[in-house]
Amino acid sequence: MSLLTDASRWHEARSRSISAENPTGTPGGGGRATTGTGASAARELGVGWKVSPSVMVEPGATQLVGAITGPGVIRHIWLTCPPEVWRETVLQFFWDDATVPAVNVPLGDFFCEGWGQRCNVNSMPIAVNPAGGMNCYWAMPFRKNARIQLINLGDREFPLYYQVDYTLEEVPADTLYFHATWRRSDPLPAKTVHELVPQISGRGQYVGTYLAYESHSTGWWGEGEMKFYLDEDREFPTICGTGTEDYFGGAWNFEQPAGEYGRYSTPFLGLPQVIKPDGLYQSQPRFGLYRWHLADAIRFTTGLRVTLQSLGWRSGGRYLAQQDDLATTAFLYLETPGCDVLAQELTGDQLEIL
Numbered sequence: 312m313s314l315l316t317d318a319s320r321w322h323e324a325r326s327r328s329i330s331a332e333n334p335t336g337t338p339g340g341g342g343r344a345t346t347g348t349g350a351s352a353a354r355e356l357g358v359g360w361k362v363s364p365s366v367m368v369e370p371g372a373t374q375l376v377g378a379i380t381g382p383g384v385i386r387h388i389w390l391t392c393p394p395e396v397w398r399e400t401v402l403q404f405f406w407d408d409a410t411v412p413a414v415n416v417p418l419g420d421f422f423c424e425g426w427g428q429r430c431n432v433n434s435m436p437i438a439v440n441p442a443g444g445m446n447c448y449w450a451m452p453f454r455k456n457a458r459i460q461l462i463n464l465g466d467r468e469f470p471l472y473y474q475v476d477y478t479l480e481e482v483p484a485d486t487l488y489f490h491a492t493w494r495r496s497d498p499l500p501a502k503t504v505h506e507l508v509p510q511i512s513g514r515g516q517y518v519g520t521y522l523a524y525e526s527h528s529t530g531w532w533g534e535g536e537m538k539f540y541l542d543e544d545r546e547f548p549t550i551c552g553t554g555t556e557d558y559f560g561g562a563w564n565f566e567q568p569a570g571e572y573g574r575y576s577t578p579f580l581g582l583p584q585v586i587k588p589d590g591l592y593q594s595q596p597r598f599g600l601y602r603w604h605l606a607d608a609i610r611f612t613t614g615l616r617v618t619l620q621s622l623g624w625r626s627g628g629r630y631l632a633q634q635d636d637l638a639t640t641a642f643l644y645l646e647t648p649g650c651d652v653l654a655q656e657l658t659g660d661q662l663e664i665l
């Protein structure tokens, strides 16, 4: 209701938008292109008729999506490109002259599309619509400047269609910076835990998780606990869940109807993607799950660490510590524009879907 109420109130903000048709967001700067990927299609119509709807991202290239001088807030991002490049393309955001990216995540995983296959997502901050239209509504404030870029780690050129909608406005002193970090364990070493967020220091709040999970064994795979080590926690966490499917809002193996995984996509929780083995080359089941802590942000004042177990069952009613493929994107807000601990460099070998 607050969104509907806010729509009727005047705000001291100026709306701007960056796209291939207006790459700088300049007022009155849209639709002026004379060259671009649509030039041939618009040859009989001329300037103002979709001459530059996209850009081509070359192999190995870093493509600047937008550079904005603030203060301001990114409000919405829409983009689309071929699914084949979603995991081999890295999305990065930099805030306020930081030398390390606050967001450093494979493009598909950022939009809950970790397996390079289209999957519709119907949630509050992330929506993916037919056929591969990716939308992000996370609020991303900055005080001095913002830079968005893509790094193509693959060996193919691809078209990128995009639009970044933002407002230029003052940012309150207590506003935190948006971060997202990607981690993968493939396979997870025996009897260890997957670390979504390594130990970091400072104040902030954890607001979401996306998990791309591949099971390497038969049977149920989702008994593992999600653990949040807050502030002075070290050996034991303050927040400890009861199982993977429980953390993502489901229960009893997600089994509904009997013998099937029940897909669902809600504003805050979802299992929108279940990829079944095909009986030939695609041999392992794969899953995509999300949980957004929008109404229940996990707040910390001096530090945070987040882990997830990979746990199933073995004979005699005993737990089995599994060695599965876990790739996670953790979303959080921090008081600093960059965090060295979270900004690990990603390589093509890490990202490869096998």
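Numbering (my numbering), first residue to last: 312 to 665.
C-beta atoms are modelled at their ideal positions from N, C-alpha and C, and glycine is treated no differently.
Only a predicted model underlies this, so the values are computations on that prediction, with no experimental measurement involved.
Check	Outcome
Contacting residues, own chain, Cβ-Cβ under 6 Å from ARG458 (five flanking each side not counted)	ALA378, PHE405
Selected residue, minimal CA-CA separation from GLY444, among ILE609, CYS423, TYR524, GLY649	CYS423
For ARG625, the nearest candidate out of TRP532, ILE550, SER365, PRO583 (CA to CA)	TRP532
C-beta atoms of THR478 and ALA324 nearer than 8 Å	yes
GLY515, enclosing beta strand (DSSP E) - first and last residue	515-525
Beta carbon of LEU645 nearer than 8 Å to that of TYR448	no
Proximity of VAL376 and GLN428 at Cβ, strictly below 8 Å	no
VAL368 (DSSP reduced to helix, strand or coil)	strand
Among GLU399, LYS455, THR639, nearest to GLY381 - alpha-carbon criterion	LYS455
Endpoints, alpha helix (DSSP H) assigned at GLU468	GLU468 -> no alpha helix (DSSP H), and no H or E assigned at all.
Cβ pair ALA450, TYR517 closer than 8 Å	no
Residue burial classification, HIS322 (beta-carbon count within 10 angstroms, cutoff 16)	exposed
Expected contact under 8 Å - CB spacing of LEU637 and TYR524 to nearest Å	6 Å
Endpoints, the alpha helix (DSSP H) within which GLY614 is located	That residue, GLY614, is in no alpha helix (DSSP H); its beta strand (DSSP E) goes 614-619.
C-alpha gap between VAL366 and GLN403, whole angstroms	17 Å
Any non-hydrogen atom of the ligand HEM closer than 7 Å to ARG343 Cβ	Looking at this structure, you won't find the ligand HEM or any other ligand, since it has none at all.
Bridge partner(s) assigned by DSSP for LEU506	Residue 506 is actually Glu in this sequence, not Leu. Answer is THR618.
Nearest neighbour of SER351, chosen from ASN463, ARG343, SER363 [CA to CA]	SER363
Short CB-CB distance (under 8 Å) between GLY339 and chain C	Reference to chain C is not applicable here, since this structure consists of a single protein chain.
N- and C-terminal bounds of the beta strand (DSSP E) containing GLY377	373-380
Cα-Cα separation, PHE453 to LEU622	40 Å
Spatially closest choice to GLY359 from PRO483, GLU369, VAL384, ARG343, by CA coordinates	ARG343
Given 8 Å, three or more beta-carbon pairs between the segment 608-618 and the segment 536-549	yes
With 16 other Cβ atoms within 10 Å as the buried cut-off, status of CYS551	exposed
TYR558 (DSSP reduced to helix, strand or coil)	helix
Reference PRO394, options GLY465, GLY554, LEU507, closest by Cα	GLY465
CB contact flag (PRO583, ARG597, <8 Å)	no
Selected residue, minimal CA-CA separation from GLY341, among THR348, LYS361, ALA491, THR647	LYS361
Simplified DSSP state of VAL401, which is helix, strand or coil	strand
Per-residue DSSP class, three states only, for LEU464	coil
Which listed residue (ALA501, MET537, LEU600) has its alpha carbon closest to that of ILE437	LEU600
Among GLY519, CYS650, ALA641, TRP426, nearest to LEU507 - alpha-carbon criterion	ALA641
Same chain only: Cβ atoms within 6 Å of GLY560, ignoring 5 sequence neighbours per side	LEU580
Where the beta strand (DSSP E) through THR639 begins and ends	636-645
Proximity winner among GLU571, PHE421, VAL585, relative to SER526 (alpha-carbon distances)	VAL585
Distance, ALA442 Cα to CYS650 Cα	34 Å
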